[in-house]
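Asker: The listed protein sequences derive, respectively, from chains A and B. The letter at position 143 of the first sequence is residue 143 when you use UniProt numbering, and the numbering goes up by one with no holes. The letter at position 188 of the second sequence is residue 188 when you use UniProt numbering, and the numbering goes up by one with no holes. Backbone N, C-alpha and C define an ideal beta-carbon position, used for all residues, glycine too. Keep in mind it's a predicted model, so treat the numbers as computed, not measured.
Number of protein chains: 2
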Amino acid sequence: MRAIVPFDARDPKTRLSVLFDADERRAFADVMLDHVVEALHAAGFEPTVLATAPVDRSDATVRVDDRSLSAAVNSVLDDWERPCAIVMADLGILTPNALDRFRATSGDVVVAPGRGGGTNALLVREPDVRVDYHGVSCRDHRAAARAVGASTTTVDSMRLATDIDEPSDLVEVLLHGSGRVHEWLRTHGVTLRADGGRVTVERS
Amino acid sequence: MRAIVPFDARDPKTRLSVLFDADERRAFADVMLDHVVEALHAAGFEPTVLATAPVDRSDATVRVDDRSLSAAVNSVLDDWERPCAIVMADLGILTPNALDRFRATSGDVVVAPGRGGGTNALLVREPDVRVDYHGVSCRDHRAAARAVGASTTTVDSMRLATDIDEPSDLVEVLLHGSGRVHEWLRTHGVTLRADGGRVTVERS
């Protein structure tokens, strides 16, 4: 199955600015994209990176579109056969197993919600469904599917639900991640900090 | 399988004080406990509420122990046969399906991590394992299991990973919850607020 992986190639992960400068944020975004593309291949998907600016990749097709996220994804949906998937590029603890469960979930539209109302992955088996990532997108995608008579299901996965936007999200990578994303954080001095309440991270 | 459900019967959910007064927080904690006990019954578990003070429940055995969480749970583990489970009382979007997957996961110790390093549910098939909820407990529980030669596995569930501590956690209940916890929030005027970035809640 083909999968769109939207990627901000210009100024990614701005909410991590408290920990990383612009070059580091771009490097970290690249490492997460590597990880997501690798997991997609391992789970039998054919990824296309949908980037806001040209990127050089040997492991995936690249399509450049500098419009808004929703417009760019919908343009791909206009061109592609169903079923296909849209998977965010910042799923730092994604595994092939989680993607296997995602693909095995029945329904015309399968939503993998992100924490806080986002849509971290969407599997579209219905031709008429389009995306809108603005606002409470997991709710809006369910409503959009219903509006064209499509059934929706939700996949229950912490790994799919964890997109890496804020410093607190890095806790999940340090605890549940492996491979290159985890290694990148370690190399850049990011460690867990536990002093009561929820665990946070700090950089040395 | 028997399941321990630890419950703070005195001053629960203090991090929700910005939204709810003490009586409301106690009522909301009760509603979440109702929900968790109901889901456990539906999934074939036999719940025992392990409360810090006497509580009146017709749907579960009650055991009162006002010691620390870890000491109280370990005292039950001293008394009970294996396998048994420990499931937190504030899993506001828990479903019987998520519990079914939890129980079906192999391993001497099955960890359902909470967001931010906690342990939201633990399935213990090994007699020598004890709990310690202080600090980064999901990591510590894996290490404790390894220390006694027990295998550990992790269950990948957003529903098990979502404990309700902070206002932002209520977003998940409003989006993915159903039944009485969702209804309680609606009745008390809690709604989603989306104005860019992650979605939050507000109370009217």
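What is the DSSP secondary structure of A:Glu166, reduced to helix, strand or coil?
Answerer: coil
Asker: Just to confirm, is the Cβ distance from A:Ala121 to A:Ile86 under 8 Å?
Answerer: yes
Asker: Of all the residues that make up the region 113 to 133 of chain A, which are near chain B by a beta-carbon distance shorter than 8 Å?
Answerer: Cβ proximity to chain B below 8 Å picks out Pro113, Arg115, Gly116, Gly117, Gly118 from the region 113 to 133 of chain A.
Asker: Note down the Cα distance separating A:Ala3 from B:Glu172, rounded to an integer number of angstroms.
Answerer: 26 Å
Asker: In chain A, which residues lie with their C-beta within 7 Å of the C-beta of B:Gly135?
Answerer: Ala194
Asker: Mind pulling the beta strand (DSSP E) runs of 3 or more residues that sit fully within the region 98 to 134 of chain A?
Answerer: 109 to 113, 119 to 124
Asker: Is the beta carbon of B:Leu99 closer than 8 Å to that of B:Val73?
Answerer: Not in contact: B:Val73 and B:Leu99 (Cβ atoms no closer than 8 Å).
Asker: Measure the C-alpha to C-alpha separation of A:Arg139 and A:Gly117 and round it to an integer number of angstroms.
Answerer: 7 Å
Asker: Between A:Ala89, A:Arg198, A:Pro6, A:Ala144, which lies nearest to A:Ala71 when the distance is taken from Cα to Cα?
Answerer: A:Pro6
Asker: Contact criterion: CB-CB distance below 8 Å. Does A:Ala72 meet it with respect to chain B?
Answerer: no
Asker: Taking the alpha helix (DSSP H) that A:Phe28 belongs to, which residues open and close that run?
Answerer: 22 to 42
Asker: Could you check how far apart the C-beta atoms of A:Val136 and B:Val199 are, in whole angstroms? I think they sit under 8 Å.
Answerer: 5 Å
Asker: Is the separation between the beta-carbon of A:Pro113 and that of A:Leu19 shorter than 8 Å?
Answerer: Here A:Pro113 is not near A:Leu19, since their CB atoms are 8 Å or more apart.
Asker: Between A:Arg142 and B:Pro127, what straight-line distance do the alpha-carbon atoms span, to the nearest angstrom?
Answerer: 45 Å
Asker: Shorter than 8 Å from the beta carbon of A:Leu175 to some beta carbon of chain B?
Answerer: yes
Asker: Any Cβ of chain B within less than 8 Å of the Cβ of A:Met158?
Answerer: yes
Asker: Given this structure, state the Cα-to-Cα distance separating B:Val190 from B:Gly196, to the nearest angstrom.
Answerer: 19 Å
Asker: Write down every uninterrupted run of the alpha helix (DSSP H) in the region 136 to 201 of chain A whose length is 4 residues or greater and which is fully enclosed by it, in chain order.
Answerer: 137 to 147, 158 to 161, 167 to 176, 179 to 187
Asker: Please list the residues of the region 136 to 170 of chain A that have a C-beta atom closer than 9 Å to any C-beta atom in chain B, keeping them in chain order.
Answerer: Hits within the stretch, in order: Val136, Cys138, Arg139, Thr154, Val155, Asp156, Ser157, Met158, Arg159, Leu160, Ala161, Thr162, Asp165, Glu166, Ser168.
Asker: Any beta-carbon of chain B closer than 8 Å to the one on A:Ala98?
Answerer: yes
Asker: Measuring only the C-alpha atoms, how far is B:Arg101 from A:Ser157?
Answerer: 11 Å
Asker: Taking 8 Å as the cut-off, does the region 148 to 164 of chain A touch the region 77 to 86 of chain A (at least 3 CB pairs, one atom from each stretch)?
Answerer: Under the Cβ criterion (8 Å, minimum of three pairs), the region 77 to 86 of chain A does not count as touching the region 148 to 164 of chain A.
Asker: Closer than 8 Å is the cut-off here; do at least three beta carbon pairs connect the region 170 to 189 of chain B with the region 172 to 185 of chain A?
Answerer: no
Asker: Give the DSSP-derived three-state secondary structure of A:Arg15 in the structure shown.
Answerer: helix
Asker: Would you list the one or two residues that DSSP bridges to A:Thr61?
Answerer: A:Thr48
Asker: Helix, strand or coil for B:Pro6 per DSSP?
Answerer: strand
Asker: With a 10 Å radius around its C-beta and 16 neighbouring C-beta atoms as the bar for buried, classify B:Asp11 as buried or exposed.
Answerer: exposed
Asker: Please state the DSSP three-state secondary structure of A:Ala72.
Answerer: Here A:Ala72 sits in helix by DSSP.
Asker: For A:Val103 and A:Leu33, I'd like the C-alpha separation in whole angstroms.
Answerer: Strictly speaking, residue 103 of chain A in this sequence is Arg, with Val absent from that position. The alpha-carbon atoms of A:Arg103 and A:Leu33 are separated by roughly 20 Å.
Asker: Along chain B, which residues have their Cβ under 7 Å away from the Cβ of A:Arg203?
Answerer: Per Cβ cutoff of 7 Å: no residues; A:Arg203 is ~17 Å from chain B at best.
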